[in-house]
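J.: So that you can map any letter, position 314 of the sequence shown is 313 in numbering that gives the first Met the number 0, and since no number is skipped, the others follow by simple counting.
Don't be surprised by glycine CBs; every beta carbon is placed ideally from N, CA and C.
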Amino acid sequence: MSELTYREALNRAMDEEMARDGNVFIIGEEVGEYDGAYKVSKGLLAKYGPERVRDTPIAELGFTGLGVGAAIAGLRPVVEWMTHNFALLALDQVVNNAAKMRQMSGGQLKVPVVFRGPNGPAEYLAAQHSQSFAAYWAHVPGLKVVAPATPADAYGLLKSAIRDDNPVVVLEAEMMYSWKGEVPDHEYLVPIGKANIVREGSDLTLITFSKPLRVTLEAAEALAQKGIQAEVIDLRSIRPLDEETLYASVRKTGRCIVIDEAWPMASVGSHVAWLISKNCFDTLDAQVELVSGEDVPMPYNHGLELLAQPSAPKIIDAAKKVLYREDL
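(1) Leaving aside the five residues before and after Leu240 along the sequence, list all residues of the same chain whose C-beta is less than 6 Å from its C-beta, in chain order.
(2) Which residues in the same chain as Ala338 place their Cβ atom closer than 7 Å to its Cβ, once the five residues preceding and following it in sequence are excluded?
(3) Sorted by chain position, which residues of the same chain lie with C-beta nearer than 7 Å to Ala288's C-beta, five sequence neighbours on each side aside?
(4) Whole angstroms is fine: what's the gap from Met174's alpha carbon to Lys210's?
(5) Measuring CA to CA, which of Lys179, Leu188, Glu122 is closest to Arg6?
(6) Buried or exposed for Gln308, please, with buried defined as at least 16 other CB atoms from any protein chain shown within 10 angstroms of its CB.
(7) Flag this pair as yes or no: are the beta carbons of Leu9 and Leu157 separated by less than 8 Å?
(8) List, from N- to C-terminal side, the alpha helix (DSSP H) runs of 4 residues or more that fit wholly inside the region 246 to 317.
(9) Tell me which residue opens and which closes the beta strand (DSSP E) that Ala236 is part of.
(10) Round the Cβ separation of Glu29 and Leu44 to the nearest angstrom and send it over; I've been treating them as touching at under 8 Å.
(11) If you follow the alpha helix (DSSP H) that Ile71 is part of, which residue opens it and which one closes it?
(12) Which runs of the beta strand (DSSP E) at least 3 residues long sit entirely within the region 59 to 147? Give them in chain order.
(13) To the nearest angstrom, report how far apart Ala172 and Met103 are at their CA atoms.
(14) For a quick check, are the C-beta atoms of Thr55 and Gly27 less than 8 Å apart?
(15) Given a threshold of 16 other Cβ atoms within 10 Å of its Cβ, counted over all protein chains shown, does Asp164 qualify as buried or as exposed?
(16) Would Pro147 pass as a contact of Tyr37 if the rule is Cβ separation under 8 Å?
(17) Name the one or two DSSP bridge partners that Gly180 has.
(18) Excluding the 5 residues preceding and the 5 following Gly253 in the sequence, name in chain order all residues of the same chain whose CB lies nearer than 7 Å to its CB.
(19) Taking the C-alpha atoms as reference points, what is the distance between Cys279 and Gly68?
(20) In whole angstroms, what is the alpha-carbon distance linking Ala125 and Asp294?
(21) Determine the closest residue to Ala160 out of Val23, Leu303, Met0, Ser1, with distance taken between C-alpha atoms.
(22) Answer yes if the region 87 to 107 comes into contact with the region 56 to 63, meaning at least three C-beta pairs across the two stretches below 8 Å, and no otherwise.
(23) Let's test the definition: count the other Cβ atoms within 10 Å of the Cβ of Pro150 and tell me whether it reaches 16, buried, or not, exposed.
(24) Looking at the C-beta of Pro296, does it have a partner C-beta in chain B at a distance below 8 Å?
(25) Give me the Cα-Cα distance between Gly42 and Val167, rounded to the nearest whole angstrom.
(26) Looking at the structure shown, is Thr215 part of a helix, part of a strand, or coil, going by DSSP?
Following this line, the structure appears as structure tokens:
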């Protein structure tokens, strides 16, 4: 095992896939000469040259469309969006071309393209650069959507995404790029569509994905100090969703809290909460709770932006409701 940062794990995955398959290339703003806005593509231009690490103008719709076309033509592009906030400009190419082409061609065309970059709030980025768009992508049939929360999963899921013959959206997070974790030294793949039980428990199920996994584990540890064993599940894959792992856990614990940093209206978290409520109704001992981002544009003030996001205290407050415990 080696301790890598999240960005180093992503870099290793792309490096290995580019060495393995000459059809893999990277395209996006500042991915080459600048080594990537967040240094995820560091060193790859020097190693593979400008034909396979291609800097672009600030034109998300244009270079995303180039990536989609290249995928249909037989290449395997990795399109880096400097942030998913900017990906709104490329929504048409992803939704109307990449996601639909296999069906519209009767299965004759494959679209093996990866769209990746930071998603969700960081710090001091205000309303236009702190948005979580997981639900935008998860809403669209034909797309696969993954959200690795650890360096090990970032490595394994990105490799799986690059090898997939369907368009895959990879949700990262700006704050996670410097987070460290153990990554096996050997090559491995994390299957798309399989959740991860990060912590086992018997009293309560906590379901989350991406960056909020850290505060969810903090809440689970705080609950353990009170004698409550929370099971923590990291979705890892949002579309397809590993529903059976979720249902098995909730049927065991009888209680569930879903944590999602996005706005609550029509979010991934609200959808998962509905699925649990519908399919585990007979075994639930309390209503399912959702801990989400506040339903407001993200403030710039640091204190306010922290209040607008999920936190361990908010999760514990939700646990009071589902456990009927005011002493937590």
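T.: So, from the data block:
(1) none
(2) Given that the chain is displayed from residue 0 to residue 327, the structure contains no residue 338 and the question cannot be resolved.
(3) At residue 288 the sequence reads Glu, which differs from the Ala that was named. Only Ile256, Ala317, Lys320, Val321 meet the Cβ criterion.
(4) 8 Å
(5) Lys179
(6) buried
(7) Yes, these two residues count as a Cβ contact at 8 Å.
(8) 267 to 278, 301 to 306
(9) Note on identity: in this sequence residue 236 is Ser, with Ala being the wrong assignment. It spans 236 to 238 - the beta strand (DSSP E) in which Ser236 sits, taken as one unbroken run.
(10) Actually they are not in contact, since the Cβ atoms of Glu29 and Leu44 sit about 11 Å apart, beyond 8 Å.
(11) 59 to 71
(12) 75 to 79, 113 to 117, 143 to 145
(13) Here the alpha carbons of Met103 and Ala172 stand approximately 33 Å from one another.
(14) yes
(15) exposed
(16) no
(17) Leu3
(18) Thr282, Leu283, Asp284
(19) 43 Å
(20) 14 Å
(21) Val23
(22) Here the region 56 to 63 makes contact with the region 87 to 107; the two share three or more CB pairs at distances below 8 Å.
(23) buried
(24) Among the chains in the structure shown there is no chain B, since it carries only a single protein chain.
(25) 24 Å
(26) In this structure, DSSP gives Thr215 a helical state, which the three-state scheme calls helix.
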